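J.: Let me begin by handing over the structure; questions about it come next.
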Amino acid sequence: MKKARPERSRWVYLDYAATTPLDPRVLEVMMPYMKEKFGNPSSVHSWGRKAREAVELARKQVADNLGCRTSEIYFTGTTTTSDNLAIQGVARAAKKAGQGNHLITSSIEHHGVLDTCQALRREGFKLTVLPVDKYGLVDPKDVEKAIDDKTVLVTIMDANNEVGTIEPIKEISQITKRKGALLHTDAAAAVDYLDVNVKNLGVDLMTIGAHKFGGPKGVGVLYVKKGVEIEPLTFGGHHERGLWPGTEAPALIVGIAEALEIATQERKEAVEKVTRLRDRLIKGVLTKVSDSQLTGHPAKRLPDIASFVIKGVEGEAILLMLSDKGIAASSGSACTSGTLEPSHVLTAMGIPAEKAHGSLRFSLGKSTTQEDIDYVIRVLPGIIEKLRKMAPKGI
Ligand SMILES: *Cc1c(COP(=O)(O)O)cnc(C)c1O
Numbered sequence: 037m038k039k040a041r042p043e044r045s046r047w048v049y050l051d052y053a054a055t056t057p058l059d060p061r062v063l064e065v066m067m068p069y070m071k072e073k074f075g076n077p078s079s080v081h082s083w084g085r086k087a088r089e090a091v092e093l094a095r096k097q098v099a100d101n102l103g104c105r106t107s108e109i110y111f112t113g114t115t116t117t118s119d120n121l122a123i124q125g126v127a128r129a130a131k132k133a134g135q136g137n138h139l140i141t142s143s144i145e146h147h148g149v150l151d152t153c154q155a156l157r158r159e160g161f162k163l164t165v166l167p168v169d170k171y172g173l174v175d176p177k178d179v180e181k182a183i184d185d186k187t188v189l190v191t192i193m194d195a196n197n198e199v200g201t202i203e204p205i206k207e208i209s210q211i212t213k214r215k216g217a218l219l220h221t222d223a224a225a226a227v228d229y230l231d232v233n234v235k236n237l238g239v240d241l242m243t244i245g246a247h248k249f250g251g252p253k254g255v256g257v258l259y260v261k262k263g264v265e266i267e268p269l270t271f272g273g274h275h276e277r278g279l280w281p282g283t284e285a286p287a288l289i290v291g292i293a294e295a296l297e298i299a300t301q302e303r304k305e306a307v308e309k310v311t312r313l314r315d316r317l318i319k320g321v322l323t324k325v326s327d328s329q330l331t332g333h334p335a336k337r338l339p340d341i342a343s344f345v346i347k348g349v350e351g352e353a354i355l356l357m358l359s360d361k362g363i364a365a366s367s368g369s370a371c372t373s374g375t376l377e378p379s380h381v382l383t384a385m386g387i388p389a390e391k392a393h394g395s396l397r398f399s400l401g402k403s404t405t406q407e408d409i410d411y412v413i414r415v416l417p418g419i420i421e422k423l424r425k426m427a428p429k430g431i
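In terms of this note's numbering, the sequence shown opens at residue 37 and continues consecutively.
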């Protein structure tokens, strides 16, 4: 008899902030557009018309869920694409119109925002990168002070994907409105758990990407408020009213719309369930792992993020040993060309580099169970102990 491969006792995916699994309900609405309804939305025949209808219906669905008009919704490639389009598009349009050349962002943004702003700075734009406090919060007063008559765009994330801190976007939007600057927010990490109604937030531009909330990879949305001057970055057609040319991807577009609809409908329930599990995990780690510390704001944080720094260990090493136990997590440090660079987010929060190397992020999802959490709390202390024994003194 063939011997069965030994089964791992558990598989626990706690890296939802990196990507979520595709919701089967989303896949179901996508499938026809990958099969029989394969038409090009720009074609005049019935194949094309069916695809066009689906794209425009999806646009309506997205607009309804974000609280805006269909004409304010653009489908793009990813969150990163939308960030680039928002920031570069507004900056270039403003500069051309002689309206200013100053951008403001924060030091804890995703690289999709931070690197875009830095690229514009190298081109001659002025850039202010605002500091954050030890919890990762931007102070609205700092935004107010930084805005001058040359400021064209402020871009601050809605919630941080590494440490979960929720930024005071509503307060910031009141300031940008009063001072006559535009406000963009990257809300990619927030969709499953926070209100992303653009009117409630008061933003002029907003970015989201489907694969962070049960949708497919490779599709994002950019909201651009009516009247905001924005230029395309690429050229080649009339698609998305010339702002994001190239044949639309109907399957991905109906996918992001359905995922957003589900996220909106299930948000209240998800917040309650995931917050309870996250708090159980935080408490478990802080009590069972000595010299561990929560990162991010203790209360103003996303329901799904349990992030820590753990003294005397390397984040990457924890991840490998967790992976051996069937657990997926992530660490702020990224191994680039052999050197471990501490996360820019943790560094901006004033966490010293040697401490930041021990960063560990669990991000939960709607399908996370209490058994998953308890399993992690059971195995993590042993892993940390083992790694500390292996580590040379002084790390
Ligand atoms: C994941 C993420 C992004 C980038 O998403 P892509 O799909 O890789 O483009 C940008 N911003 C935030 C806040 C994110 O969480």
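Ideal placement from N, C-alpha and C gives every residue a C-beta, glycine not left out. Note that the coordinates shown come from a computational prediction; the quantities given were computed from them, not determined experimentally.
What is the rounded straight-line gap between the Cα of glycine 160 and the Cα of valine 188?
T.: Each residue's Cα considered, the two are about 14 angstroms apart.
J.: In whole angstroms, what separates the C-alpha of glycine 430 from that of valine 126?
T.: Confidence in glycine 430 is poor, its pLDDT being 49 and thus under 50, which makes the residue's placement unreliable; the coordinate value appears in the next sentence. C-alpha separation (whole angstroms): 48 angstroms.
J.: Counting Cβ pairs, one atom from each stretch, are 3 or more of them under 8 angstroms apart for the segment 315 to 325 and the segment 413 to 426?
T.: As far as the Cβ criterion goes, the segment 315 to 325 touches the segment 413 to 426, which means the pair count is three or higher.
J.: Would you kindly work out how many angstroms separate the C-alpha atoms of lysine 361 and phenylalanine 398, rounded to a whole number?
T.: When rounded, the distance between both Cα atoms is 15 angstroms.
J.: Could you give the first and the last residue of the continuous beta strand (DSSP E) run that contains aspartate 178?
T.: Unbroken run through aspartate 178 is the alpha helix (DSSP H), 176 to 182; no beta strand (DSSP E).
J.: Nearest-angstrom Cα distance between arginine 312 and isoleucine 341?
T.: In a straight line, the C-alpha of arginine 312 is about 12 angstroms away from that of isoleucine 341.
J.: Is the beta carbon of arginine 88 less than 8 angstroms from the beta carbon of threonine 106?
T.: Not closer than 8 angstroms, so no.
J.: Put aspartate 240 into one of helix, strand or coil per three-state DSSP.
T.: Coil.
J.: What does the alpha-carbon distance come out to for the pair valine 381 and glutamate 284?
T.: When rounded, the distance between both Cα atoms is 34 angstroms.
J.: Would you report the Cα separation of serine 142 and threonine 221, rounded to the nearest angstrom?
T.: Answer to the nearest angstrom: the Cα atoms are 11 angstroms apart.
J.: At 4 residues or longer, and completely inside the segment 123 to 207: list those alpha helix (DSSP H) runs for me, N to C.
T.: Listed in chain order, they are 147 to 158, 176 to 182.
J.: Assess contact between the segment 109 to 117 and the segment 270 to 277, defined as three or more Cβ pairs (one per stretch) separated by less than 8 angstroms. Is contact present?
T.: At 8 angstroms Cβ cutoff, the stretches touch.
J.: If we count Cβ pairs, one from each stretch, closer than 8 angstroms, do we get three or more for the segment 176 to 194 versus the segment 138 to 155?
T.: In short, these stretches touch, since the Cβ pair count reaches three.
J.: What did DSSP end up calling serine 209 once you bin it into helix, strand or coil?
T.: Serine 209 falls in the helix class under three-state DSSP.
J.: Would you say the beta carbon of glycine 245 is closer than 7 angstroms to some non-hydrogen atom of ligand 1?
T.: True, at least one ligand heavy atom lies under 7 angstroms from that Cβ.
J.: Grouping DSSP H, G and I as helix and E and B as strand, with all else coil, what is glycine 84?
T.: Reduced to three states, the DSSP call for glycine 84 is helix.
J.: Between lysine 248 and glycine 256, what straight-line distance do the alpha-carbon atoms span, to the nearest angstrom?
T.: Approximately 10 angstroms between the Cα atoms of the pair.
J.: Please state if the CB of isoleucine 346 and the CB of valine 412 are separated by a distance shorter than 8 angstroms.
T.: No.
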